[in-house]
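All remarks here apply to the structure that follows.
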Amino acid sequence: MSDSPDPNLPNAEGAWAQQAEARLGDRRLREEIDRGLSYGLEAAPTINDRTISTFVRGEKPHFAGERGTFLKCPFVEDVNEVDDAEVAIFGVPLDAGATYRPGTRFGPQGIRRSTNLFGTYNYESGVDLREQLNMVDIGDVFTIPGNLEKSFDQISQAMAHVVQKGVMPVVLGGDHSIGFPTIRGMAPYLDGNIGIIHFDRHVDTQETDLDERMHTTPWFHATNIKNAPATNLVQIGIGGWQSPREGVKVGRERQSTVITVGDVERVGVEKIAEIALETAWKDAKAVYLSFDIDVIDAGFVPGTGWPEPGGLLPREAL
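Once you know that position 182 of the sequence shown is 188 in the working numbering, the rest is easy, because the numbers rise by one and skip nothing.
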């Protein structure tokens with residue numbers, strides 16, 4: 007094969023490029039794939055392409071896998087070696103469940119990047135996360151754009167891996183549909199009930215939205231899990247003009263606890279926290295905390311997927 011295009015061909019450059027590609031080989035790509043499957047685990051059984059891993063460890067997907075870590079904590083490339091950590095942080099770059107404004111697939115990158123500004127020590131609380139916790143970042147789950155259910159399987163498998171290791175997971179979203187698969191992933195490995203404390207302006211308890219399990223549905227499906235009863239679900243910040251009545255009906259029928267922004271103002275932050283913890287922990291072995299940024303008043307977070315006025319002030323939430 008010539009090292010340069012044949013000038014006599016009308017598609018000289020295109021023809022040459024096709025032949026040049028054949029000479030390149032793919033040894034390093036295959037090594038990268040093998041390393042990804044070893045360090046990042048094989049994908050969930052529903053994933054047909056078996057070169058895909060559970061955790062991103064290669065070139066794809068292009069919207070995930072950036073190696074900046076949360077609070078610059080250590081990165082663990084081989085997720086099989088997460089055992090020594092107390093806390094494992096991982097991202098779920100997914101916005102396939104968003105019904106209005108997309109973009110949360112870049113959430114894990116954005117959150118990690120924003121933490122570059124901060125240290126691990128908090129003055130008021132006297133806490134230093136670096137000194138008091140063995141905290142690592144294990145990267146992002148390999149989600150499948152446009153396929154919620156396959157992404158859910160990947161998320162559940164990732165969550166199960168961390169929980170089985172006896173490590174506390176911290177999950178960076180991602181739209182709020184991920185609440186269901188994360189609960190599903192951890193539930194089988196707990197010897198008791200899971201309580202849920204959910205900060206949001208919206209109830210997220212309808213069965214489907216646009217015929218799918220979207221970001222408006224996670225707690226309907228999570229509380230269908232035997233050891234995640236709705237009586238241990240506490241929702242804080244609910245209100246406004248965007249909560250569908252079918253979701254409100256589900257909460258009423260399943261007897262979840264709903265606390266509005268008005269309740270927070272009337273009763274006070276400390277008392278609400280006490281009520282939430284007491285309710286979520288009642289006869290439970292673990293509590294899952296879910297924080298949707300849209301619980302903050304839209305004047306402070308106008309870029310969220312479903313901005314709703316009248317939410318909590320940042321200081322109240324913190």
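Virtual Cβ for every residue (Gly too), placed ideally from N, Cα, C. Predicted model, so just to flag it, every value in this text is computed and none were measured.
Exercise for the section: Can you tell me which of the three DSSP states ASP134 falls into? Expected result: strand
Problem - Distance, SER10 Cα to ASN17 Cα - result: 13 Å
Problem - Opening and closing residue of the alpha helix (DSSP H) in which GLY191 lies - result: 185-192
Exercise for the section: May I ask which residues mark the beginning and end of the beta strand (DSSP E) holding ILE265? Expected result: 263-266
Practice task
Kindly confirm or deny that the stretch 58-70 and the stretch 109-119 touch, where touching means at least three C-beta pairs closer than 8 Å.
Solution key: yes
Exercise for the section: Could you tell me whether the stretch 122-137 touches the stretch 178-194, using the rule of 3 or more Cβ pairs below 8 Å? Expected result: no
Practice task
Just the C-alpha distance for GLY125 and LEU77, rounded to the nearest angstrom, thanks.
Solution key: 7 Å
Handout entry: One or two residues paired with LEU178 in a DSSP bridge
Key = GLY97
Exercise for the section: Hey, could you find the ends of the beta strand (DSSP E) SER6 is sitting in? Expected result: With the chain covering only 7 through 324, there is no way to say anything about residue 6.
Problem - Under 9 Å between C-beta atoms of GLY198 and ASN230 - result: no
Handout entry: Per-residue burial, TYR127 [other beta carbons within 10 Å of its own, 16 or more giving buried]
Key = exposed
Handout entry: Nearest to THR75 (by Cα), restricted to the options SER59, THR121 and GLU252
Key = THR121
Exercise for the section: Give every residue of the same chain whose Cβ lies closer than 6 Å to the Cβ of ALA164, excluding the five residues on either side of it in the sequence, and list them in chain order. Expected result: THR60 and VAL147
Practice task
Tell me where the beta strand (DSSP E) around GLN248 begins and ends.
Solution key: Element bounds for GLN248: n/a, residue is neither H nor E.
Handout entry: Three-way DSSP call (helix, strand, coil) for LEU283 in this model
Key = helix
Handout entry: Where the beta strand (DSSP E) through PHE61 begins and ends
Key = From DSSP, PHE61 is part of no beta strand (DSSP E); its letter is neither H nor E.
Problem - Beta-bridge pairing of VAL240 - partner residues as DSSP gives them - result: ILE203 and THR263
Practice task
Given a cut-off of 9 Å, decide if VAL270 and GLY243 are closer than it, judged by their beta-carbon atoms.
Solution key: yes
Problem - Backbone CA spacing between VAL169 and VAL267 [nearest angstrom] - result: 33 Å
Handout entry: Beta-carbon proximity list for VAL62, same chain, < 6 Å, skipping 5 on both sides
Key = ALA70, GLY71, GLY145, ASP146 and PHE148
Exercise for the section: Could you pull the start and end residues of the beta strand (DSSP E) that VAL352 belongs to? Expected result: This structure cannot settle anything about residue 352, because the visible part of the chain is limited to 7 through 324.
Exercise for the section: Evaluate contact between the stretch 82-91 and the stretch 284-300, counting only Cβ atoms and requiring at least three cross-stretch pairs below 8 Å. Expected result: no
Problem - Proximity to PHE306 [Cα-Cα], best of VAL176, ALA323 and VAL209 - result: ALA323
Practice task
Could you pull out every residue in the same chain whose Cβ sits closer than 6 Å to the Cβ of ALA91, ignoring the five residues on either side in sequence?
Solution key: ASN140, VAL142 and VAL173
Exercise for the section: Return yes when the Cβ of PRO224 is within less than 9 Å of the Cβ of SER296, no when it is not. Expected result: yes
Exercise for the section: With DSSP collapsed to three states, give me the class of ILE302. Expected result: strand
Handout entry: For GLY191 and ALA166, believed in contact at Cβ under 8 Å, the rounded distance
Key = 4 Å
Handout entry: DSSP state of LEU154 mapped onto helix, strand, coil
Key = helix
Practice task
Quick one: residues in its chain with C-beta nearer than 6 Å to the C-beta of ASP159, no 5 flanking neighbours on either side, listed in chain order?
Solution key: ALA50 and THR52
Handout entry: Where the alpha helix (DSSP H) through TYR45 begins and ends
Key = 33-46
Problem - Residues sharing a beta bridge with PHE81, DSSP - result: ASP143
Handout entry: TYR127 (DSSP reduced to helix, strand or coil)
Key = strand
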